[in-house]
Amino acid sequence: MTVNPPRKRAVAGILALVFAVAWTYAHIAYAWPWKERSTGNACTGKYYLTPYDKQRSFSLGTLADGRAIYMGSRGEVYMGHDVASFGLSVSTDTDSTDPLAHAKNLHRGDSTTVEGVGTFTLKEAHSDIVWFTPNPGKATFCFDPDPTFTIYDYAQQGH
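For my numbering, add 42 to where a residue sits in the sequence shown, where the first one is 1.
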């Protein structure tokens, strides 16, 4: 079977178009000049919280009544803005956890206070980059604990 030159040109044109669309998408999605600027300090919290493993919650500390608090978070850069969410859960008497609080769609510098735990302020968020799929990444929160909240030692050491 022979392939005539117009067909070769059509295939080459389609491949060039596919490349151009993918290249343009990648540059718009991840390298735009209007991305939110990280000038100055977004927060002045006492501790920075960044989960090592975004798939699992980590132990944050204990409430005044002795119950353990766990935190999970996720972040992304969406349309040039740092956006993140977090959730807190509390241990129960049955070796499980119950939801305590959550905050969604926080932008850089936004704060939320959870009674008995403290104030969380979004410092920055990062997307995990995998082409053409939404991939939540990590977020760093500044944390000012409530005076009645006991934060775990490893969190105080920045782990």
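Just so it is clear, CB atoms sit at the ideal spot from N, CA and C, and this is done for glycine as well.
Query, Result
"Limits of the beta strand (DSSP E) - the one that F191 falls within", "Premise fails: F191 is in no beta strand (DSSP E) and is neither H nor E."
"Check whether G160 and D188 have beta carbons under 8 Å apart", "yes"
"From H149, D137, L91, G117, residue whose alpha carbon lies closest to that of D186", "L91"
"Three CB pairs or more closer than 8 Å across the region 56 to 65 and the region 141 to 157", "no"
"Beta-carbon gap between S138 and A126 smaller than 8 Å", "no"
"CB of L105 within 8 Å of CB of F191, strictly", "yes"
"Burial state of R150, where buried means 16 or more other Cβ atoms lie within 10 Å", "buried"
"The beta strand (DSSP E) enclosing K146, as first and last residue numbers", "139 to 149"
"Buried versus exposed call for P47 [16 or more other C-beta atoms within 10 Å across all chains shown]", "exposed"
"Among A110, D135, G179, M121, nearest to F128 - alpha-carbon criterion", "G179"
"Cβ neighbour criterion (16 or more within 10 Å) applied to T134", "exposed"
"Range of the contiguous beta strand (DSSP E) that encloses R116", "110 to 120"
"Limits of the unbroken beta strand (DSSP E) element including A126", "123 to 133"
"For G103, the first and last residue of its enclosing beta strand (DSSP E)", "100 to 104"
"Whether A143 touches L130 by CB criterion (8 Å)", "yes"
"Closest residue to I193 among V53, F100, A54 (Cα-Cα distance)", "F100"
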